[in-house]
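J.: Line by line, the protein sequences give chains A and B. Going by our numbering, the first residue of the first sequence is number 2, and it counts up by one from there. Going by our numbering, the first residue of the second sequence is number 2, and it counts up by one from there. The C-beta atom is built at its ideal place from N, Cα and C for all residues, glycine as well.
There are 2 protein chains.
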Amino acid sequence: MKYYIGIDLGGTNIAAGITDENGKIIAKYSAKTNAGKPFEELVADIAETGKKAVEAAGLKMSDISAVGMGTPSCINPQTNLLVHANNLNWQNVPLYAELKKHFSVPVYIQNDAACAALGEASNGAAADYDNAVMITLGTGVGSGIILNKHIFNGCDDMGAEVGHTKLVHNGQTCTCGQKGCFEAYASATALINQAKAAVEDNPGSIMNEMCGGDLSAMNAKIPFDAAKQGDSTAKSVVEKYIDYLAAGLSSVIALFRPQAVIIGGGISTEGDYLIKPLKQRLYDCTFSAEQIGIPEIVTAKLGNDAGIIGAAMLCKA
Amino acid sequence: MKYYIGIDLGGTNIAAGITDENGKIIAKYSAKTNAGKPFEELVADIAETGKKAVEAAGLKMSDISAVGMGTPSCINPQTNLLVHANNLNWQNVPLYAELKKHFSVPVYIQNDAACAALGEASNGAAADYDNAVMITLGTGVGSGIILNKHIFNGCDDMGAEVGHTKLVHNGQTCTCGQKGCFEAYASATALINQAKAAVEDNPGSIMNEMCGGDLSAMNAKIPFDAAKQGDSTAKSVVEKYIDYLAAGLSSVIALFRPQAVIIGGGISTEGDYLIKPLKQRLYDCTFSAEQIGIPEIVTAKLGNDAGIIGAAMLCKA
Chain A
2 MKYYIGIDLG GTNIAAGITD ENGKIIAKYS AKTNAGKPFE ELVADIAETG KKAVEAAGLK
62 MSDISAVGMG TPSCINPQTN LLVHANNLNW QNVPLYAELK KHFSVPVYIQ NDAACAALGE
122 ASNGAAADYD NAVMITLGTG VGSGIILNKH IFNGCDDMGA EVGHTKLVHN GQTCTCGQKG
182 CFEAYASATA LINQAKAAVE DNPGSIMNEM CGGDLSAMNA KIPFDAAKQG DSTAKSVVEK
242 YIDYLAAGLS SVIALFRPQA VIIGGGISTE GDYLIKPLKQ RLYDCTFSAE QIGIPEIVTA
302 KLGNDAGIIG AAMLCKA
Chain B
2 MKYYIGIDLG GTNIAAGITD ENGKIIAKYS AKTNAGKPFE ELVADIAETG KKAVEAAGLK
62 MSDISAVGMG TPSCINPQTN LLVHANNLNW QNVPLYAELK KHFSVPVYIQ NDAACAALGE
122 ASNGAAADYD NAVMITLGTG VGSGIILNKH IFNGCDDMGA EVGHTKLVHN GQTCTCGQKG
182 CFEAYASATA LINQAKAAVE DNPGSIMNEM CGGDLSAMNA KIPFDAAKQG DSTAKSVVEK
242 YIDYLAAGLS SVIALFRPQA VIIGGGISTE GDYLIKPLKQ RLYDCTFSAE QIGIPEIVTA
302 KLGNDAGIIG AAMLCKA
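Below, the structure is given as C-alpha cells:
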C-alpha cells in the first residue's frame with residue numbers, strides 16, 4: 002500500500018492528512034497559517050505540518066510516496082510559480098521549488114477548489130461518477146471540474162472558473178472587477194446581500210427579527226430558516242437565489258454535460274430544501290433537458306476533508 | 002499514406018471529400034440532400050456521395066481506411082442512435098448502423114460544428130494550437146471545442162453548446178425555448194434583429210436605405226457596412242453586438258482557457274473590423290485577463306472545407 006501526504010493550505014489553517022492510495026485518511030494534523038512570516042519560513046511550516054501528520058499516522062517519511070497540496074491559487078506551468086494568493090500575500094512565488102526542498106518524493110500542487118472537487122469525486126459525493134463539476138457556495142463561488150477522474154483546470158491549467166462565467170450581462174460588479182459574474186449572484190455573500198435588500202424593502206419580514214434588527218448580522222442561513230417558517234419575503238429571496246444558481250449552473254452543464262454537479266459550502270447544508278427546487282429549476286432552464294436530461298445534483302459529503310483527500314489524490318495522477 | 006472519406010451532411014447538401022492522413026483534401030464531390038426520402042434511401046445517397054468522391058480522387062474503396070461524417074446532431078453513445086436532426090426529419094434514427102452497411106471500413110459520426118472545429122484545429126486557423134474553441138456565427142451560434150486536438154463534445158458526448166450558455170438572465174427567448182442564451186444575442190440572426198430594431202428607432206440611419214426601406218431585407222452585412230460609412234446608429238448596433246459576443250465568449254474562456262478562439266460563419270468575413278474591437282472588449286470583460294491574458298482570436302480559414310476535413314480527421318481518433 003502506498004501512502005500520500007495531502008495538504009490543504011488556507012489563509013487560516015494548514016490542514017495536512019495522510020491517506021492510503023485509495024484516499025482513505027489515516028491521520029490528520031493541522032497548524033495555524035502564519036501569513037505574516039517570510040515565504041521560506043511559511044513553506045517550512047507547511048512541510049513541518051505534513052511531517053507531523055506522518056508521525057500522527059505512525060509512519061515514517063520513507064513510507065510516503067508523494068506529497069500533494071491545494072492552494073488558493075495555482076501554479077503557472079510556464080513559470081512554475083504560484084500566481085497569486087491574496088490571503089497569503091503571495092504573488093509569483095516559487096512555491097513548488099521551495100516545497101520540494103523539504104521532500105525527497107514527488108510534489109504536486111493544484112488549486113484548492115479543484116482539489117476539493119477531486120476529493121469528492123474520488124471518495125465523496127461523486128465517487129460513482131467519472132465526470133463531475135463541483136461548486137462551493139461560500140464567500141465566493143469556488144469550482145472544480147473533474148473529467149475522467151482528473152482535474153480539468155483549464156487548458157493552460159490556470160483555472161476553470163465557474164464563478165466568473167457571466168450570468169447577468171452588465172449586471173452587478175463582482176469581487177473580480179467584472180460585471181454580472183455568476184459569483185455575484187450565487188455566492189453566500191450574494192444571498193446575504195439579496196436578503197438584506199429584501200428586508201430593507203419589507204421590514205416586516207421575520208428575517209429582520211432573526212438578525213436582531215441589525216442587518217449587518219444577516220447570514221446565509223436566515224433566509225432559508227425564515228422561508229421554512231413561511232415568511233413570504235424570505236421565500237421569495239430563496240426562490241430567486243435558487244433561480245440564479247440554476248441559471249448559472251445551466252451554462253456549465255450546457256458546456257460540460259457532467260454526470261454530476263456537487264454543491265458544497267455552507268449553503269449546501271440546507272440539503273433537500275435547496276437541492277429539490279434547484280433540480281426542478283435546472284430541469285426547466287437547461288438546454289435540451291427534456292431530451293437529454295440533467296446531471297445528478299448532490300451535496301458535498303466530505304467537508305474540509307475533501308481538500309486533504311483531493312490533494313493526496315493528486316499524487317496518483 | 003492512408004486516405005479517409007470525410008462527409009459533411011447538411012440539410013441542403015451532402016459534401017464529401019477524400020483527405021490524406023494529414024487532412025489534405027484530394028478530391029471533393031457533393032450532392033443535394035433529399036430530406037424527403039425515406040431514411041434508408043437518404044443514407045444510401047450519403048454513402049454513394051462518399052464513393053463518388055473516392056472515384057473523383059482516382060482511388061478505389063480498398064484505398065480508404067475509414068469514413069467520418071459530421072451531422073447536425075450527434076449520436077447518443079448509450080443507444081447508438083442519432084438524436085435529432087430537425088432539417089432532415091430524423092429523430093432517434095440508427096444512422097451509424099445504417100451507414101456502416103455501406104462500408105467495410107470503420108465509420109465515425111460526430112456533430113458537424115464539432116467537425117468544423119476539428120478541421121480548423123487540424124489544418125486551418127488553429128493548426129498551431131492543441132486547444133481551441135470555435136464558434137460559428139450564423140442562423141444560430143454553433144460551437145466546437147477541441148482539447149488536445151480532439152473533439153470535446155461534453156462528458157456524455159451529447160454536445161458542448163456554447164450557444165446555449167446564459168448571457169442575459171431571463172433575457173430574450175432563444176430558438177431552443179430557453180431565455181437569455183448567448184445565441185439569442187450573438188448569432189447573425191440576432192444581429193439582424195438588433196439592426197432592425199435600431200432602424201425602427203432611427204429611420205434616418207443609412208441602414209434603412211441599404212435594405213431599400215424594407216426591413217425584411219436586412220442582413221448581417223448591412224450594419225457593418227453602414228458602420229464603416231460612419232452611420233452612428235449602425236456603429237452603435239455593431240458595438241453592442243460585439244459587446245454581447247465578447248461577454249458570451251468570456252464565459253467559455255473562464256471555463257476552458259483555450260489557446261485560441263476561432264470565429265467562423267458569415268460574420269467572420271468582417272475580419273479585423275470585427276476581430277480588433279472584439280479582442281479589446283474580451284480583454285476588458287474576461288476574468289483575470291490582465292494577469293493571465295486572453296486566447297488568440299482568429300477567424301476561420303477553411304470555409305465549408307472545415308466540416309469535410311474535420312469529419313475525415315475523426316478517422317484518426
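1) Step through the CB atoms of chain A and report whether any lies within less than 8 Å of the CB of leucine 148 (chain B).
2) Decide if lysine 277 (chain B) is buried, meaning its Cβ has at least 16 other Cβ atoms within 10 Å, or exposed.
3) Answer with buried or exposed for lysine 52 (chain B), where buried requires no fewer than 16 other C-beta atoms within 10 angstroms of its C-beta.
4) Give the residues of chain B in contact with methionine 159 (chain A), contact being defined as C-beta atoms less than 7 Å apart.
5) Taking DSSP's pairing of strands, which residues face histidine 85 (chain B) in a bridge?
6) Identify the contact partners of glutamine 179 (chain A) in chain B, using a Cβ-Cβ distance below 7 Å as the criterion.
7) How would you label proline 78 (chain B), buried or exposed, when you count the other beta carbons within 10 angstroms and need 16 or more for buried?
8) Between B:Ala261, B:Gly69 and B:Ala58, which lies nearest to isoleucine 147 (chain B) when the distance is taken from Cα to Cα?
9) Looking at chain A, is there any beta carbon in it that lies within less than 8 Å of the beta carbon of alanine 126 (chain B)?
10) Give the C-beta separation of isoleucine 243 (chain B) and isoleucine 136 (chain B) to the nearest angstrom, bearing in mind that I take them to be a contact with Cβ-Cβ under 8 Å.
11) Within its chain, find whatever has a CB closer than 6 Å to the CB of valine 44 (chain B); leave out the 5 residues flanking it on each side and keep chain order.
12) Based on Cα-Cα distance, which residue from B:Thr13, B:Lys236, B:Ser289 and B:Gly7 lies nearest to histidine 85 (chain A)?
13) In chain order, what are the residue ranges of uninterrupted beta strand (DSSP E) at least 3 long that sit wholly in the segment 259 to 284 of chain B?
14) Do you know how far the Cα of methionine 70 (chain A) is from the Cα of lysine 102 (chain A)?
15) With valine 299 (chain B) and alanine 126 (chain B) assumed to form a contact (beta carbons below 8 Å), what rounded beta-carbon distance in angstroms separates them?
16) Over the uninterrupted beta strand (DSSP E) stretch that includes valine 142 (chain B), give me the two end residues.
17) Am I right that leucine 315 (chain A) and cysteine 116 (chain A) are in contact with their C-beta atoms under 8 Å? What's the rounded C-beta distance?
18) What would DSSP say about glycine 7 (chain B), mapped onto helix, strand or coil?
19) Indicate the three-state DSSP secondary structure (helix, strand or coil) for leucine 100 (chain A) in the structure shown.
20) Can you give the Cα-Cα distance for phenylalanine 50 (chain B) and lysine 280 (chain B), rounded to whole angstroms?
21) Where does aspartate 21 (chain A) sit, in a helix, a strand or coil, going by DSSP?
22) Going by CA-CA distance only, name the one from A:Tyr186, A:Leu96 and A:Asp273 that's closest to glycine 139 (chain A).
23) Under a CB-based cut-off of 8 Å, is alanine 17 (chain A) close to chain B?
24) Considering lysine 33 (chain A), what are the terminal residues of the beta strand (DSSP E) in which it resides?
25) I need the straight-line Cα distance from cysteine 175 (chain A) to asparagine 93 (chain B), nearest angstrom please.
26) When we look at the beta-carbon of glutamine 195 (chain A) and count the other beta-carbons within 10 Å, is it buried (16 or more) or exposed?
27) I want to verify the contact list: residues of chain A whose CB lies under 8 Å from the CB of asparagine 88 (chain B), in sequence order.
28) Taking only beta-carbon positions, decide if glycine 205 (chain A) is within less than 8 Å of chain B.
29) Which value, in whole angstroms, describes the spacing of the CA atoms of glutamate 7 (chain B) and alanine 57 (chain B)?
30) Comparing the C-beta of serine 252 (chain A) with each C-beta of chain B, is any distance below 8 Å?
31) Consider the Cβ of leucine 168 (chain B): report whether some Cβ of chain C lies at a distance smaller than 8 Å.
32) Counting only Cβ pairs nearer than 7 Å, list the residues of chain A close to glycine 155 (chain B).
33) Which residues of chain B have a Cβ atom closer than 8 Å to the Cβ of histidine 85 (chain A), listed in chain order?
34) Should glycine 145 (chain B) and alanine 191 (chain B) be called a contact, given that it needs their Cβ atoms to be closer than 8 Å?
35) Can you tell me which of the three DSSP states leucine 138 (chain A) falls into?
36) Using a 10 Å radius around the Cβ and a threshold of 16 neighbouring Cβ atoms, would you call proline 73 (chain B) buried or exposed?
T.: Based on what the coordinates show:
1) Taking CB atoms only, leucine 148 (chain B) has a neighbour in chain A less than 8 Å away.
2) Residue environment: lysine 277 (chain B) is assigned as exposed (fewer than 16 neighbouring CB atoms within 10 Å of its CB, all protein chains considered).
3) With 16 or more other Cβ atoms within 10 Å, it is buried.
4) Simply Arg258 and Ile293.
5) B:Gln92, per the DSSP bridge assignment.
6) Within 7 Å Cβ-Cβ: Cys286 and Phe288.
7) Only exposed fits proline 78 (chain B), as fewer than 16 other CB atoms lie within 10 angstroms of its CB.
8) Comparing Cα positions, the closest option is B:Ala261.
9) No, alanine 126 (chain B) lies away from the interface with chain A (no Cβ there is under 8 Å from its Cβ).
10) Not a contact, Cβ separation roughly 13 Å.
11) Result list for valine 44 (chain B): Glu99 and Leu100, in chain order.
12) Nearest option by C-alpha distance: B:Ser289.
13) Runs of the beta strand (DSSP E) inside the segment 259 to 284 of chain B: 261 to 265.
14) Note on geometry: alpha-carbon atoms of lysine 102 (chain A) and methionine 70 (chain A) lie some 15 Å from one another.
15) With a contact defined as Cβ atoms closer than 8 Å, valine 299 (chain B) and alanine 126 (chain B) qualify at about 4 Å.
16) Bounds of the beta strand (DSSP E) holding valine 142 (chain B) are 142 to 148.
17) That pair is a contact at about 7 Å.
18) Reduced to three states, the DSSP call for glycine 7 (chain B) is strand.
19) Three-state result, leucine 100 (chain A): helix.
20) A small fix is needed here, since residue 50 (chain B) is threonine in this sequence, not phenylalanine. Their Cα atoms are separated by approximately 41 Å.
21) Aspartate 21 (chain A) carries a strand assignment under DSSP once its states are collapsed to helix, strand and coil.
22) The closest CA to that of glycine 139 (chain A), considering only A:Tyr186, A:Leu96 and A:Asp273, is found on A:Tyr186.
23) Not an interface residue.
24) It spans 26 to 33 - the beta strand (DSSP E) in which lysine 33 (chain A) sits, taken as one unbroken run.
25) One Cα belongs to cysteine 175 (chain A), the other to asparagine 93 (chain B), and the distance between them is close to 43 Å.
26) Buried: at least 16 other Cβ atoms inside 10 Å.
27) Per Cβ cutoff of 8 Å: no residues; asparagine 88 (chain B) is ~16 Å from chain A at best.
28) Not a single C-beta of chain B is nearer than 8 Å to the C-beta of glycine 205 (chain A).
29) Before going further, note that residue 7 (chain B) is glycine rather than glutamate in the sequence given. Cα to Cα, the separation comes out at about 14 Å.
30) For serine 252 (chain A), the answer is yes, since a Cβ of chain B falls inside 8 Å of its Cβ.
31) In the displayed structure, chain C is absent; the protein chains listed are A and B.
32) For glycine 155 (chain B), the chain A residues whose Cβ falls inside 7 Å of its Cβ are Phe257 and Arg258, in order along the chain.
33) Correct list: Gln292.
34) Here glycine 145 (chain B) is not near alanine 191 (chain B), since their CB atoms are 8 Å or more apart.
35) Reduced to three states, the DSSP call for leucine 138 (chain A) is strand.
36) Proline 73 (chain B) should be labelled buried.
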